[in-house]
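Numbered by UniProt numbering, the letters in the sequence shown go through residues 1 to 568 in order. Every residue gets a Cβ at the ideal spot worked out from N, C-alpha and C, and that includes glycine.
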Amino acid sequence: RQPASIARHCCPTRGAEGLWGASAPPLGAGCTCARAAAVPRGCPHFHSPAQSASECCTAARALPARPMAGPAAGGEGGGSRAYGAQDDNACGDTWHTLYPATINPLLRSMQYAMRGEIYLKAQAMKAAGRDVMYLNLGNPQSLGQKPFTFNRQVLALCVGGEALLGDEAVCAALPADVVARARELLKSTSGGVGSYTDSRGLRAVRDHVAEFITARDGTSERCCPESIYLSDGASGAVNMCLTAVIRGRQDGVLVPVPQYPLYSALIELHGGQFLGYELDESHAWGFNMEVLEESVRAARAKGITPRALVFINPGNPTGQCLSKGELQQLAAFARREKLVLMADEVYQSNVWTPERDFVSMRGALLSCEPDVRDHVELISFHTVSKGLQGECGLRGGYMQLTNIHSEAEGLLYKLASVTLCANVVGQLAVDVMVKPPLEGEPSYELFAEEQSALRGSLERKARRMSAAFDALDGMHCNSSEGALYVFPRLDLSPRAVAAAQEAERAADLFYCLELLEATGLVLVPGSGFGQKDGTWHMRTTILPPEERVEEVITKVSDFHNSFMAKYS
Numbered sequence: 001r002q003p004a005s006i007a008r009h010c011c012p013t014r015g016a017e018g019l020w021g022a023s024a025p026p027l028g029a030g031c032t033c034a035r036a037a038a039v040p041r042g043c044p045h046f047h048s049p050a051q052s053a054s055e056c057c058t059a060a061r062a063l064p065a066r067p068m069a070g071p072a073a074g075g076e077g078g079g080s081r082a083y084g085a086q087d088d089n090a091c092g093d094t095w096h097t098l099y100p101a102t103i104n105p106l107l108r109s110m111q112y113a114m115r116g117e118i119y120l121k122a123q124a125m126k127a128a129g130r131d132v133m134y135l136n137l138g139n140p141q142s143l144g145q146k147p148f149t150f151n152r153q154v155l156a157l158c159v160g161g162e163a164l165l166g167d168e169a170v171c172a173a174l175p176a177d178v179v180a181r182a183r184e185l186l187k188s189t190s191g192g193v194g195s196y197t198d199s200r201g202l203r204a205v206r207d208h209v210a211e212f213i214t215a216r217d218g219t220s221e222r223c224c225p226e227s228i229y230l231s232d233g234a235s236g237a238v239n240m241c242l243t244a245v246i247r248g249r250q251d252g253v254l255v256p257v258p259q260y261p262l263y264s265a266l267i268e269l270h271g272g273q274f275l276g277y278e279l280d281e282s283h284a285w286g287f288n289m290e291v292l293e294e295s296v297r298a299a300r301a302k303g304i305t306p307r308a309l310v311f312i313n314p315g316n317p318t319g320q321c322l323s324k325g326e327l328q329q330l331a332a333f334a335r336r337e338k339l340v341l342m343a344d345e346v347y348q349s350n351v352w353t354p355e356r357d358f359v360s361m362r363g364a365l366l367s368c369e370p371d372v373r374d375h376v377e378l379i380s381f382h383t384v385s386k387g388l389q390g391e392c393g394l395r396g397g398y399m400q401l402t403n404i405h406s407e408a409e410g411l412l413y414k415l416a417s418v419t420l421c422a423n424v425v426g427q428l429a430v431d432v433m434v435k436p437p438l439e440g441e442p443s444y445e446l447f448a449e450e451q452s453a454l455r456g457s458l459e460r461k462a463r464r465m466s467a468a469f470d471a472l473d474g475m476h477c478n479s480s481e482g483a484l485y486v487f488p489r490l491d492l493s494p495r496a497v498a499a500a501q502e503a504e505r506a507a508d509l510f511y512c513l514e515l516l517e518a519t520g521l522v523l524v525p526g527s528g529f530g531q532k533d534g535t536w537h538m539r540t541t542i543l544p545p546e547e548r549v550e551e552v553i554t555k556v557s558d559f560h561n562s563f564m565a566k567y568s
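Given below as structure tokens:
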């Protein structure tokens, strides 16, 4: 879409008053724009009085060559020229610097499945009045999850500042620990939430994060606040790290397949090589050391230098939880192959299987033999968006550095300084995540009640949805040990695959598009995450309100049975 002020400039003959003067020819009069005959009404490239200048037909950028007549074609006799994505001057568009053919090609080639074709179709359906449920993102509060009362009370006081904290009636109406925390946090700023902080984030918050990490890992080695960088969600920190890791096309990053598409997108954007290592679905999506080793060998045979190893624990989209022994295997592998470990641990509070406690990579690394413990570079990520917080929109997160060279750490600080600091409200959200109310404090009882109810609901939904999908003919679903998703495999028939090919879609994308049309449920196809050749999957969150879970299951089941019968 283009704003009307830009869209009006598309035609080289008509122009617009503000650009060409009041003598510009009227709309449609004498227009020689080659696109005019090739695009639909309602698009500003269709130069007729019925056009809607507020909408732009982006498909016009890729239209095939058509005859042109008049001055725009270079003479009265006309001619032929292509005006697709390779032609900057098509339709007289000579003044844009940012144009499909001239914009950064890495941005063009970058893909992000979470908001691709299905999401755009869902948006159009919703605009047309259809009931749509977005199960494509781990976005808890958009599906009705309530924030913790303590968190929002502290943040509200911090944002309100002295206008609230100076009001005795307001402070008297809130628990004393809420008021005390807000005062402590505001005192740590240089002027409230509207002021910049150190580029690593507020020292008071980093102190609390360090205490949280030390207690979580149960080791004698204290986490240092200087090793912590607060960020705009975990994604901001991941982007920083990949900026540092990737030097050019010769550098690769090992990423699990299936993977969260953030990694493939950012690796492409930074000009690196995505090196996928397939997880083993038949063994609860565990990793296989032989597969990892082969991925490294194959990359080096092509002249690619593996630089980092990403793993997601608990897994997204796969939901598996790694044991301490598995993490130590990864650490030893990273030591042998000289790889930076990037530990995506944003779902560390989302573990649903009693026999699978979360173990952090930092905790596992510190219990390795000295040669591994002291020589593996580790960067770990966490966020307020996931876990039990679900505060996606506040954009709070952090990364913690272990065994990173001091000068490299200094360069990361320089990189963080470019954006000055992470948003301050997000930093404060990290604080209330890592330092919740303690037993005996005024807010503890309500916080514990809210946390227990939420955890119980998520556990029930994870079990129910996994079991329901696994029971369907033509669908298999491993139980979700952690995270916020289930990721069933679709056993699609040759007829279904052929129909998808005819529609020029991956088979699971074809399935999910038809599911959306039939049910209004927005899911993500496995092809958006990467998957073993010849397999098809879909991912859904476990986040719909508990009272609507059976509705979701029924809609998916009815559609699936109908789809399988249609293409049997």
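Quiz item: What is the DSSP secondary structure of T554, reduced to helix, strand or coil?
Solution: Three-state DSSP puts T554 in a helix.
Self-check item: Reference E211, options C224, L202 and S199, closest by Cα
Solution: With distances taken between Cα atoms, E211 lies closest to C224.
Quiz item: Is it the case that the Cβ atoms of R307 and V340 are separated by a distance below 8 Å?
Solution: Cβ atoms of R307 and V340: closer than 8 Å.
Quiz item: At what residues does the beta strand (DSSP E) containing D344 begin and finish?
Solution: Membership of D344 in the beta strand (DSSP E) is indicated by the continuous run V340 to D344.
Quiz item: Are S231 and Y444 close, meaning C-beta to C-beta below 8 Å?
Solution: In this structure, Y444 does not lie closer than 8 Å to S231 by Cβ.
Exercise. Can you check DSSP and say which residues form a bridge with V524?
Key: According to DSSP, V524 bridges with R539.
Quiz item: Between Y263 and chain D, is there a C-beta pair that is closer than 8 Å?
Solution: The chain inventory of the structure shown lacks chain D, comprising one protein chain alone.
Exercise. Have a look at Q153 and G248 and give me their C-alpha separation to the nearest angstrom.
Key: Near 46 Å, if we compare the C-alpha coordinates of G248 and Q153.
Quiz item: For G77, which residues from the same chain have a beta carbon less than 7 Å from its beta carbon, with the 5 sequence-adjacent residues on both sides left out?
Solution: Summary for G77: the model assigns pLDDT 33, below 50, so the residue's position carries little reliability, and this model does not support an answer.
Quiz item: Whose CA, out of L242, T519 and G194, lies closest to the CA of G271?
Solution: With distances taken between Cα atoms, G271 lies closest to L242.
Quiz item: Using a Cβ-Cβ cut-off of 6 Å (strictly less than) and excluding sequence neighbours within five positions of Q145, which residues of its own chain qualify?
Solution: Result list for Q145: G390, in chain order.
Quiz item: L401 bridges to which residues according to DSSP?
Solution: As DSSP reads the structure, L401 sits in a beta bridge with I379.
Quiz prompt | Residues sharing a beta bridge with Y485, DSSP | solution = Beta-bridge pairing links Y485 to T541.
Quiz item: Would you call the region 100-120 and the region 407-420 in contact, with 3 or more CB pairs under 8 Å?
Solution: At 8 Å Cβ cutoff, the stretches do not touch.
Quiz item: Would you call R495 buried or exposed, if buried means 16 or more other Cβ atoms sit within 10 Å of its Cβ?
Solution: Taking all protein chains shown into account, R495 has fewer than 16 neighbouring C-beta atoms within 10 Å of its C-beta and is therefore exposed.
Practice problem: Count the other C-beta atoms from every protein chain shown that fall within 10 angstroms of the C-beta of V552, then say buried if there are 16 or more, exposed otherwise. | Solution: The residue in question, V552, is buried, as its Cβ has 16 or more Cβ neighbours within 10 Å.
Quiz item: Is the region 130-145 touching the region 284-300, taking contact as three or more C-beta pairs under 8 Å?
Solution: With a cut-off of 8 Å on Cβ pairs, the region 130-145 is not in contact with the region 284-300, counting fewer than three such pairs.
Quiz item: Which ranges would you report for the beta strand (DSSP E) in the region 225-311 if only whole runs of at least 3 residues count?
Solution: Listed in chain order, they are 228-231, 251-257 and 273-278.
Quiz item: Can you give, in chain order, each stretch of the beta strand (DSSP E) that sits fully within the region 471-519 and has at least 3 residues?
Solution: Entirely contained in the region 471-519, not one beta strand (DSSP E) run reaches 3 residues.
Self-check item: DSSP-derived helix/strand/coil call for V384
Solution: Shown here, V384 sits in coil according to DSSP, grouped into three states, outside any helix or strand.
Self-check item: I213 versus L98 - alpha carbon distance
Solution: So the alpha carbons of these two residues sit roughly 44 Å apart.
Quiz item: Taking the alpha-carbon positions, what's the A453 to E459 distance?
Solution: If you take the alpha carbons of A453 and E459, they lie about 10 Å apart.
Quiz item: Just the Cα atoms here: how many angstroms apart are Q111 and A176?
Solution: Rounded to whole angstroms, Q111 to A176 spans 48 Å at the Cα level.
Quiz prompt | Residue burial classification, A163 (beta-carbon count within 10 angstroms, cutoff 16) | solution = Classification of A163: exposed, given that the 10 Å Cβ count is below 16.
Quiz item: Any idea which residues DSSP pairs M133 with across the strands?
Solution: Beta-bridge pairing links M133 to L521.
Self-check item: Straight-line gap, S235 to V424 (C-alpha atoms, nearest Å)
Solution: The straight-line gap from Cα to Cα measures roughly 16 Å.
Quiz item: Given a threshold of 16 other Cβ atoms within 10 Å of its Cβ, counted over all protein chains shown, does M289 qualify as buried or as exposed?
Solution: Exposed, by the Cβ-count rule.
Exercise. Following the continuous alpha helix (DSSP H) through R200, name the residue where it begins and the one where it ends.
Key: It is not in any alpha helix (DSSP H) - R200 carries neither H nor E in the DSSP assignment.
Quiz item: From G218 to L401, what does the alpha carbon distance come to, in whole angstroms?
Solution: Distance between the alpha carbons of G218 and L401 is about 17 Å.
Self-check item: Helix, strand or coil at V178 according to DSSP, with G and I counted as helix
Solution: When DSSP states are grouped into helix, strand and coil, V178 belongs to the helix group.
Quiz item: CA-CA distance, A169 and A180?
Solution: Each residue's Cα considered, the two are about 15 Å apart.
Self-check item: Alpha-carbon spacing of A82 relative to Q501, whole angstroms
Solution: Because A82 carries a pLDDT of 34, less than 50, the predicted location of this residue cannot be relied on, and no value is offered for it.
Practice problem: Could you tell me the distance, in whole angstroms, from the CA atom of L382 to the CA atom of L266? | Solution: According to the sequence as given, residue 382 is His; it is not Leu. Taking the straight line from one Cα to the other gives about 18 Å.
Quiz item: Quick one: what's got a C-beta closer than 6 Å to A299's C-beta in the same chain, skipping five residues either side?
Solution: Hits under 6 Å: G252, L275 and P306.
Quiz item: Do E481 and Q320 come within 8 Å of each other at the CB atom, strictly closer than that value?
Solution: Closer than 8 Å, so yes.
Quiz prompt | Nonlocal neighbours in the same chain, by C-beta distance under 6 Å from P488, ignoring five residues either side | solution = These residues qualify, in order along the chain: F469, M475 and C477.
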